[in-house]
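What follows is a single structure, written as structure tokens, with notes after it.
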Ligand code: PMP
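Numbering (this note's numbering), first residue to last: 2 to 455.
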């Protein structure tokens, strides 16, 4: 164990031990835990996080990729302050203008979006998308890809963390949590990412039962799709009448203003968004084909301008239910709009990607110099380090890499003041300017040196 980790973060350990007495594992989301204990932060700015022992960290987690403009971006915080001041409240609980303003922007930017509903998280967005697909097709099975995460609920907590399997074996249906009813394992079909042949075979076998195929177009935000694979999945779903859902919670506004669908030129039927969309506040959204989205319209069939008291509205069972006390929260939409407007400034993505490539190349050069077999893999401003000789294309390749050395590396990096969640991907923000990247590479070299020394 890295002794300097323990020496540098005594207050984090003390606070974690206290939290454990009142909160299971001392964390409010399982993903926030890692060994030996998570670092407790209490301040941030730009590319930096500061922990309760005053140690600075260059943040490459960025709230799991959400903070694309870094911490405390002035445009975003000003928009939130102004919104709060002009509203005279924190929320109306009624329709308001920003809901339509954001919807128009999303429709403008995303080829697959013609109509929008908001949720409070990415989880709720994929849940609504799957419910829409189920209602639209009248079928009950969901096809998802091995290693793809769509939120922490029953229907999709399957084979996100698969076991290793033989290359030519189909992926197994593996529940990822205690407490999942058998219904979901029985009605889920698991597919291998970036393997069109096997995917086509499995989809064909279940072609009359599958309502939707859901996927992260860039797996885990860092494993890019083969273009032929993505196009093939689009064609197959069309042929079999299945709804294609792109879960762009990570890729939305990350791999470009129009997400993965814009970058690769493949248009899904439904899109789930989250993370960057909220400018650091909780949000999700579903957008897609108007006819499918209209399933959740309570005004469907009713002429709202008519005063005819005999006109009937559709009954509840004819409408797809979607609700949420805080959906379309005005403060959050103000933060999201300010974020997207900043991202729309020319050159933003080019600068982000240039910085990311410089960091990746620098890290690869350092690993190479210290004789550690590994490389980086990613898309846009997200990447990961994979300690393996071979290039990786799917989760099975990642499972075969040296994950225990990677964990050691991550703890060494934390001790050097590079913040990532161990084994997780690296995300960059516009605050990660060239001097920050330079500093990161110096710290990275120190971390790798410690690792090489053993
Ligand atoms: N889908 C993807 C692709 C995600 O990365 C995440 C979050 N990591 C979710 C869904 C769930 O989003 P949330 O945590 O906002 O519920």
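All C-beta atoms in this analysis are idealised placements derived from N, C-alpha and C, irrespective of residue type, glycine included.
How should residue i be labelled, buried or exposed, when 16 other C-beta atoms within 10 angstroms of its C-beta is the threshold for buried?
| i | result |
| --- | --- |
| residue 445 | buried |
| residue 209 | exposed |
| residue 140 | buried |
| residue 29 | exposed |
| residue 431 | buried |
| residue 385 | buried |
| residue 238 | buried |
| residue 172 | buried |
| residue 262 | buried |
Would you list the residues sitting across from residue i in a DSSP beta bridge?
| i | result |
| --- | --- |
| residue 1 | The shown model of the chain, from 2 to 455, leaves out residue 1, and the question about it has no answer. |
| residue 119 | 286 |
| residue 454 | DSSP, once it has assigned bridges, lists no residue as partnering residue 454. |
| residue 376 | 387 |
| residue 456 | Residue 456 lies beyond the residue range present for the chain, which begins at 2 and ends at 455; the question has no answer from this structure. |
| residue 142 | 211 |
| residue 47 | 72 |
| residue 171 | Answer by DSSP bridge pairing: none, since residue 171 is not bridged. |
| residue 248 | 273 |
| residue 241 | DSSP, once it has assigned bridges, lists no residue as partnering residue 241. |
| residue 159 | 176 |
| residue 191 | 145 |
Just verifying my parser: in three-state terms, what is the DSSP assignment at residue i?
| i | result |
| --- | --- |
| residue 96 | coil |
| residue 181 | coil |
| residue 220 | strand |
| residue 298 | coil |
| residue 67 | coil |
| residue 113 | coil |
| residue 266 | coil |
| residue 230 | helix |
| residue 36 | coil |
| residue 421 | coil |
| residue 279 | helix |
| residue 72 | strand |
| residue 186 | helix |
| residue 24 | coil |
| residue 428 | strand |
Just the C-alpha distance for residue i and residue j, rounded to the nearest angstrom, thanks.
| i | j | result |
| --- | --- | --- |
| residue 100 | residue 329 | 6 Å |
| residue 63 | residue 428 | 7 Å |
| residue 224 | residue 154 | 23 Å |
| residue 84 | residue 344 | 20 Å |
| residue 240 | residue 205 | 10 Å |
| residue 118 | residue 124 | 14 Å |
| residue 422 | residue 299 | 42 Å |
| residue 1 | residue 396 | Past the boundaries of the shown model lies residue 1; the chain is included only from 2 to 455, so the question cannot be answered. |
| residue 187 | residue 161 | 16 Å |
| residue 215 | residue 297 | 20 Å |
| residue 51 | residue 415 | 12 Å |
| residue 9 | residue 56 | 8 Å |
| residue 271 | residue 288 | 6 Å |
| residue 222 | residue 251 | 6 Å |
| residue 437 | residue 60 | 10 Å |
| residue 354 | residue 48 | 16 Å |
| residue 409 | residue 347 | 39 Å |
| residue 373 | residue 230 | 31 Å |
| residue 220 | residue 254 | 16 Å |
| residue 364 | residue 412 | 16 Å |
| residue 86 | residue 163 | 48 Å |
| residue 189 | residue 142 | 6 Å |
| residue 453 | residue 332 | 48 Å |
With respect to 7 Å, is the separation between the Cβ of residue i and the closest non-hydrogen atom of ligand 1 below this value?
| i | result |
| --- | --- |
| residue 119 | no |
| residue 217 | yes |
| residue 433 | no |
| residue 330 | no |
| residue 248 | yes |
| residue 10 | no |
| residue 272 | no |
| residue 129 | no |
| residue 439 | no |
| residue 327 | no |
| residue 285 | yes |
| residue 422 | no |
| residue 124 | yes |
| residue 17 | no |
| residue 162 | no |
| residue 150 | yes |
| residue 265 | no |
With 8 Å set as the bound, which would you pick, yes or no: does the beta-carbon of residue i sit closer than that to a beta-carbon of chain C?
| i | result |
| --- | --- |
| residue 70 | Protein chain content of the structure displayed is limited to a single chain, and chain C is not contained in it. |
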